[in-house]
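Residue numbers (the numbering used here): 68 to 315.
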């Protein structure tokens with residue numbers, strides 16, 4: 068036989084530091100004790116835990132909430148049964164409690180509206196394999212959501228840091244590799260179109276890398292081309308002079 072006064076003290080002591088709600092049902096299904104209900108001289112008092120201040124503040128949590136709702140609609144997740152609590156609770160109101168009274172423990176997940184969930188588990192209270200009642204523990208999913216939110220925010224922070232490093236690295240590589248190569252290419256085009264030979268290849272000889280080697284090679288090639296062009300022009304001038312003044 069389950070004594071109400073002793074049962075109330077036990078269930079409150081059992082979950083007073085866990086944030087979990089405990090309810091004890093007799094074999095006939097009537098409730099014996101509820102850790103969120105205190106019996107006093109004035110009657111029954113309901114205890115409710117208030118959410119912490121600023122629980123939903125912030126742009127990022129709101130954006131993640133909108134994203135979660137959109138993904139649930141797109142993926143068509145399974146619709147959970149709605150959690151309902153009657154003023155006069157009975158074991159038949161909860162499938163897991165009914166199952167526990169038959170001697171088997173079970174768990175359930177219900178929706179508490181919106182994104183909130185109610186997680187519950189019920190186990191039989193036995194003495195010498197005789198079921199005296201059922202103990203049902205329930206807890207909201209806020210702690211789980213907060214833990215997941217912290218993990219997701221940490222992932223987003225890591226992603227933002229990686230993106231920033233990538234952008235900075237791209238800017239650095241653009242300044243040290245892409246821009247010098249572009250200057251060399253533009254200089255080569257100007258040398259090709261310049262007949263006065265005033266254009267020169269940018270001097271990157273001080274760089275101890277492949278771009279410096281490329282700049283030196285292009286500069287030497289340009290100098291060699293200019294020398295060959297000078298030789299060709301000198302030869303053409305000599306030929307023209309001989310044609311105009313043939314030997315007798």
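Think of the CB as a built atom: it goes at the ideal place given N, C-alpha and C, for glycine as much as any other residue. Owing to the predicted nature of the structure, the values given are computational and were not obtained by experimental measurement.
Top-ranked residue by Cα proximity to residue 148, from 304, 186, 137, 133: Residue numbering aside, residue 148 sits at position 81 when the chain shown is read from its first letter. The shortest Cα separation from residue 148 among 304, 186, 137, 133 belongs to 186.
Helix, strand or coil at residue 110 [DSSP, three-state]: One-based indexing of the chain shown puts residue 110 at position 43. In this predicted model, residue 110 has a pLDDT of only 46, less than 50, meaning its place in the structure is not dependable enough to derive any value.
Sequence-distant residues of its chain with Cβ nearer than 6 Å to residue 78 (five each side left out): The count along the chain shown starts at 1 and reaches residue 78 at position 11. Closer than 6 Å at the Cβ level, and outside the excluded window around residue 78, lie 89, 91, 100, 102.
Identity of the residue in 303, 274, 268, 273 nearest residue 288 by Cα: In the chain shown, counting from the first residue as 1, residue 288 sits at position 221. Of the listed residues, the one whose Cα sits closest to residue 288 is 268.
Ordered list of beta strand (DSSP E) runs contained in the segment 176-245, each at least 3 residues: 184-194, 197-207
Neighbourhood of residue 335 by C-beta distance below 7 Å, restricted to the same chain and skipping five residues each side: Here the chain covers residues 68 to 315 and nothing more, so residue 335 does not appear.
Integer-rounded CB distance, given that residue 96 should sit under 8 Å from residue 157: For this step, residue 157 is matched to residue 90 along the chain shown. For this step, residue 96 is matched to residue 29 along the chain shown. Residue 157 to residue 96, Cβ: 5 Å. Contact.
Reduced DSSP category for residue 88 - H, G, I as helix; E, B as strand; rest coil: Taking the chain shown and counting its residues from 1, the one referred to as residue 88 is at position 21. Here residue 88 sits in strand by DSSP.
Beta-carbon contacts of residue 172 that lie in its chain and below 6 Å, excluding the five residues immediately before and after: Along the chain shown, one-based indexing puts residue 172 at 105. If we look at residue 172 and ignore the five residues flanking it on each side, its Cβ neighbours are 190.
Whole-number beta carbon distance between residue 281 and residue 251, since they are thought to touch under 8 Å: Counted from its first residue, the chain shown places residue 251 at position 184. Counted from its first residue, the chain shown places residue 281 at position 214. The pair is a contact, with the Cβ atoms about 6 Å apart (cut-off 8 Å).
One or two residues paired with residue 149 in a DSSP bridge: Stepping through the chain shown from its first residue, residue 149 is reached at position 82. Bridge partners of residue 149: 178.
As assigned by DSSP and simplified to three states, the class of residue 93: The residue labelled residue 93 in the question sits at position 26 within the chain shown. In this structure, residue 93 counts as strand in the three-state DSSP scheme.
Residue from 245, 286, 277 whose Cα sits closest to the Cα of residue 258: In the chain shown, counting from the first residue as 1, residue 258 sits at position 191. Cα-wise, what sits closest to residue 258 is 286.
Unbroken alpha helix (DSSP H) run spanning residue 305, endpoints: Here residue 305 corresponds to residue number 238 of the chain shown, with the count starting at 1. Looking at the DSSP string, the run of the alpha helix (DSSP H) that includes residue 305 is 277-311.
DSSP beta-bridge partners of residue 101: Here residue 101 is taken as the residue at index 34 of the chain shown, counted from 1. BP columns for residue 101 point to 90.
Residue of 247, 170, 297, 260 minimising C-alpha distance to residue 273: Against the chain shown, residue 273 aligns to sequence position 206. Cα-wise, what sits closest to residue 273 is 247.
DSSP state of residue 173 mapped onto helix, strand, coil: Position 106 of the chain shown, counted from the start, is the residue given in the question as residue 173. Strand at residue 173.
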